[in-house]
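Read top to bottom, the protein sequences are chains A and B.
The first sequence stops at residue 973 when you use this note's numbering, and every number in between is there.
The second sequence stops at residue 377 when you use this note's numbering, and every number in between is there.
Every residue gets a Cβ at the ideal spot worked out from N, C-alpha and C, and that includes glycine.
Small disclaimer: the values here were computed from a predicted structure and weren't measured.
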Amino acid sequence: MLKRNLMATVAAVAMAAASVIPAHAEITFMYATWLSGLVEPGVANFEKATGETVNAIKLPDQGYDQRVALDLSAGTAADVVLMDSFMVSELASAGYLHPLDELAAGWDQYQYYLKGLIEVGSYDGKVYSLPTDTDVRMLWYNKANFEKAGIAMPWEPKSWADVLDAAQKLKDAGVEYAFQLPAGTKQGEATTMQGFYMALLGADVPEGDRNRLRDRTSGKWIGDSPGIRKTLQLYHDVYVEKSLTAPDLNYATDIGASVREAMANNTIGILASGSWEDACLWDCTGANVPSREERDALVGWTPWPGSGDPGTNATTNISGGWAVGINEKAADKDLAFGLVKAIFDKDNFEAWTIANHRMGVRTDISESPEYTQDAYLAKATALAATTTGRDTVPGYQTVSALIQQATADILDGSSVDDVVKEYHDALVDEFGADAVETYE
Amino acid sequence: MAMKNQINPWLASNVWLLVIAMLPAFLLLAALIYFTAWAFSFSFTDLELVGRKSVNWSWVGFENYVRLWTRKGFLDALWTTVIFTFFSAIVGQSVLGFLLAGALRTTRSNLRSFIEVAIMLGWLLPDIVAAFLWSATTSQTGLINNLIITPLGFKPVNFISEFALPVVTIANIWKGTAWSYLLFSAALDSVSREVVEAAKVDGATPFQRIWLVILPIIRPHIATNMLFITIWTFTYFPLIYALTGGGPGRQSETLAIFMYKQSFGTGKLGYGSAISVAMLLIVGALSLIYLRLLREPK
Chain A
534 MLKRNLMATV AAVAMAAASV IPAHAEITFM YATWLSGLVE PGVANFEKAT GETVNAIKLP
594 DQGYDQRVAL DLSAGTAADV VLMDSFMVSE LASAGYLHPL DELAAGWDQY QYYLKGLIEV
654 GSYDGKVYSL PTDTDVRMLW YNKANFEKAG IAMPWEPKSW ADVLDAAQKL KDAGVEYAFQ
714 LPAGTKQGEA TTMQGFYMAL LGADVPEGDR NRLRDRTSGK WIGDSPGIRK TLQLYHDVYV
774 EKSLTAPDLN YATDIGASVR EAMANNTIGI LASGSWEDAC LWDCTGANVP SREERDALVG
834 WTPWPGSGDP GTNATTNISG GWAVGINEKA ADKDLAFGLV KAIFDKDNFE AWTIANHRMG
894 VRTDISESPE YTQDAYLAKA TALAATTTGR DTVPGYQTVS ALIQQATADI LDGSSVDDVV
954 KEYHDALVDE FGADAVETYE
Chain B
80 MAMKNQINPW LASNVWLLVI AMLPAFLLLA ALIYFTAWAF SFSFTDLELV GRKSVNWSWV
140 GFENYVRLWT RKGFLDALWT TVIFTFFSAI VGQSVLGFLL AGALRTTRSN LRSFIEVAIM
200 LGWLLPDIVA AFLWSATTSQ TGLINNLIIT PLGFKPVNFI SEFALPVVTI ANIWKGTAWS
260 YLLFSAALDS VSREVVEAAK VDGATPFQRI WLVILPIIRP HIATNMLFIT IWTFTYFPLI
320 YALTGGGPGR QSETLAIFMY KQSFGTGKLG YGSAISVAML LIVGALSLIY LRLLREPK
């Protein structure tokens, strides 16, 4: 009896699995859920205009980077692929992506893309991806909790000490996650960008890349520097020394959902994140976002201050963004680029960019009246004046993962000395001693 | 009777049919060996998931294996895995499964059905659903705090932040006990009533009856159970990853999670392969011990 039931179950599961595997589609596209507001209408327009069928594969945001890397290297990725822009050079260097220069040359809207962002999506002089958006980073804060803790608003911290001081007051007022500083490996790049790099850029004086992960002049990775040590010390202060925040949000089953919930339940004080949170704190796809007034009443934001040490940056910023590229294995590259064009077609792209308060990547959108007259985008764009980018050269993904691990080890109570040594050794393992340097 | 060991003459004359019939088995074996050989070979390389080393990798000898000892991660994860496996599988699932099977053996009531269904539910739930469930249950505003901790006058506890490994251990006991329960139920049914009665007549105490009579009889079942749950738990990934991602820090980082992070987070497939080969060897050694236990004593 059990056996027969088991066989029936196996058969049913096999049939269900078979039905999920799509029938042959003309063109496939893989993307993360947060971009569905842009992708879905674009795909619909493309299907209507061409009569082709698109198999659009929507994937969870968490773990998406790993999925893209794995699918491309295994040769099972879709024809058109959305990816975090830091991965482009790495994937292109392995030959997984198709250069877009020729395809894009015939597209009248290509000229409007910002040169700097095209550069980020390029490798070895060839363009491999088109950007979807860019961003700036800041400290978001929960106004109800600031009121409870008696912190004056608008909040304008001038140094890390100011931030830690505010977080201490929030903790004393009973706020569970007084300063949610992204840490650990589970949220991947968010730890490196929203947390570590934002602090690092203000940790030391901005001379000779002393406050970066890579020395852009020598092309070497920085294995040890006062800036890296100070940044790790900040993590130590927040998570160990002062226990300003419980670490579990960084390890939640669905981190994005848990952060949104914590903000809604007023258990977060300060959240280190980025400009997308203006929509994503409620719903990343842009649906169900409350009115401007309601949002402003709930949360505010302030630029990340530098450490406050003499000569350091007053505020810091680093910009990332995502990009769309074409799989080198795509059967019909012209058709694939046709889909890219449909998704990024001005009307569709502009509507999504403005509705979701994403930072524009094209002048025909960022210079449009709707964009320039938007108060939030204007304020966020002002932050972009002094922004910088990631070290988007091959190897960055590994370095970024090692940085995430370093923050995790700090959470575990390891000393800054031990963590730096481990980080330095891992860099040497990966790139060789010649490619790693140290700042005194 | 003689026919039983002879091959059907029609089949025997169709060699090609036999070959074709064996093909699926060969393919399956080939696939199993291929993947193991792949991992074994690439554990001696610096192959990476993306970037140049994903195409132009090179042989690095035993470097990856040396790093298992010299770099932080593997030994910590091994220890975490041993603790996790010991407490969640060997102590938790096995002992709890045995006690439940023993206690419910003589019960033939609705209570038994109810408890059986309850145990099975945990087993049947997908890991990700179970992770969400435990995540919600152990959160600051979750069931345990609201039902137990706060009413007793204590401050609510953030379980994942403070007791990550115990939480995943208990979650895995909850999830996996059904298997041990089913296996031990069947095993206990095979112990004949007469033997136990005879021991009782001879004056054996209840403890002696279990320890000296029942346990030796079901010893092969215990070893089989241990073999299965040790292998599963040692390499178990989804529930822990979804529940804590190995964190906070490395507190619940088992070998399976460490391997995943090295292979697909950092992108070092060569190092990840070395970790998986090491896991294979450890699990293989444990299996040999259990298989030895399976043999009847002389």
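Just to check my reading of the structure: Arg131/B and Ala627/A have Cβ atoms closer than 8 angstroms, yes? What is that Cβ distance to the nearest angstrom? 7 angstroms
Contacting residues, own chain, Cβ-Cβ under 6 angstroms from Ser692/A (five flanking each side not counted): Pro838, Gly841
As a quick exercise: from Asp770/A, Arg747/A, Asp757/A, pick the residue whose alpha carbon is nearest that of Ala694/A. Asp770/A
Using a threshold of 7 angstroms, state whether the C-beta atoms of Val134/B and Gly346/B are closer than that. no
With DSSP collapsed to three states, give me the class of Ile227/B. helix
Report the three-state DSSP secondary structure of Ala556/A (helix, strand or coil). With a pLDDT of only 46 at Ala556/A, under the threshold of 50, the placement of this residue in the model should not be trusted, and no figure is reported.
So, using beta-carbon positions, are Tyr784/A and Gly326/B closer together than 7 angstroms? yes
If you draw a straight line from the alpha carbon of Thr303/B to that of Ser366/B, how long is it in whole angstroms? 10 angstroms
Between the alpha carbons of Asn901/A and Asp878/A, how many angstroms are there, rounded? The sequence shown places Ser at residue 901/A, not Asn. Each residue's alpha carbon lies about 15 angstroms from the other.
Do Val601/A and Ala589/A come within 7 angstroms of each other at the CB atom, strictly closer than that value? no
Determine the closest residue to Ala209/B out of Ile99/B, Thr323/B, Leu157/B, with distance taken between C-alpha atoms. Thr323/B
Less than 7 angstroms between CB atoms is the rule here; does Tyr929/A satisfy it with respect to chain B? no
Work out the CA separation of Thr149/B and Gly140/B for me, nearest whole Å. 15 angstroms
Put Ile301/B into one of helix, strand or coil per three-state DSSP. helix
What residue from Ile803/A, Ala706/A, Glu740/A has the CA that sits closest to Tyr972/A's CA? Glu740/A
With DSSP run on the structure shown, which of helix, strand or coil describes Asp962/A? helix
Assess, as a yes-or-no matter, whether the region 655 to 662 of chain A is touched by the region 750 to 761 of chain A under the definition of 3 or more beta carbon pairs within less than 8 angstroms. no
Whole angstroms is fine: what's the gap from Val932/A's alpha carbon to Lys234/B's? 40 angstroms
Candidates Ala682/A, Ala716/A, Ile898/A, Tyr646/A: which alpha carbon is nearest Lys704/A's? Ala682/A
C-alpha gap between Gly596/A and Val246/B, whole angstroms: 23 angstroms
Hey, quick one: how far does the beta strand (DSSP E) through Lys753/A stretch, first residue to last? 753 to 757
Out of Gly255/B, Gln219/B, Lys254/B, state which residue places its alpha-carbon closest to the alpha-carbon of Leu241/B. According to the sequence displayed, residue 241/B carries Glu and not Leu. Out of Gly255/B, Gln219/B, Lys254/B, Gln219/B has the C-alpha closest to the C-alpha of Glu241/B.
Please list the segments of the beta strand (DSSP E) lying wholly inside the region 742 to 812 of chain A, counting only runs of 3 or more residues, in order along the chain. 753 to 757, 801 to 807
Going by the C-beta, is Leu108/B closer than 6 angstroms to any heavy atom of the ligand SAH? The ligand SAH is absent from the structure shown, which contains no ligand whatsoever.
Along the chain, where does the alpha helix (DSSP H) containing Thr905/A start, and where does it finish? 902 to 905
Tell me which residues of the region 776 to 789 of chain A have at least one Cβ-Cβ distance to chain B shorter than 8 angstroms, keeping chain order. Ala779, Pro780, Asp781, Asn783, Tyr784, Ala785, Thr786, Asp787
Neighbourhood of Asp668/A by C-beta distance below 7 angstroms, restricted to the same chain and skipping five residues each side: Gly807, Ser808, Trp809, Ser852, Gly853, Gly854, Met892
What span of residues does the alpha helix (DSSP H) with Lys591/A cover, start to end? Here Lys591/A belongs to no alpha helix (DSSP H); instead the beta strand (DSSP E) covers 587 to 592.
On the three-state DSSP scale, how would you describe Asn87/B? coil
7 angstroms Cβ cut-off: residues of chain A touching Gln172/B: Going along chain A, no residue has its Cβ under 7 angstroms from Gln172/B, so there is no contact; the nearest lies around 20 angstroms.
Report the three-state DSSP secondary structure of Glu680/A (helix, strand or coil). helix
Those runs of the beta strand (DSSP E) which lie wholly inside the region 573 to 642 of chain A and span at least 3 residues: 587 to 592, 613 to 617
Which residues, in order along the region 330 to 352 of chain B, keep a beta-carbon less than 8 angstroms from a beta-carbon of chain A? Gln330, Lys340, Phe343, Gly344, Thr345, Gly346, Lys347
Rounded straight-line distance, which links the Cα of Phe119/B to that of Tyr113/B: 10 angstroms
Rounded to a whole number of angstroms, what is the C-alpha to C-alpha distance between Thr885/A and Asn850/A? In the sequence on display, residue 885/A carries Trp and not Thr. Their backbone Cα atoms lie some 24 angstroms apart in a straight line.
Quick one: Cα of Glu393/B to Cα of Gly363/B, how far? Here chain B comprises residues numbered 80 to 377, so residue 393/B is not present and cannot be evaluated.
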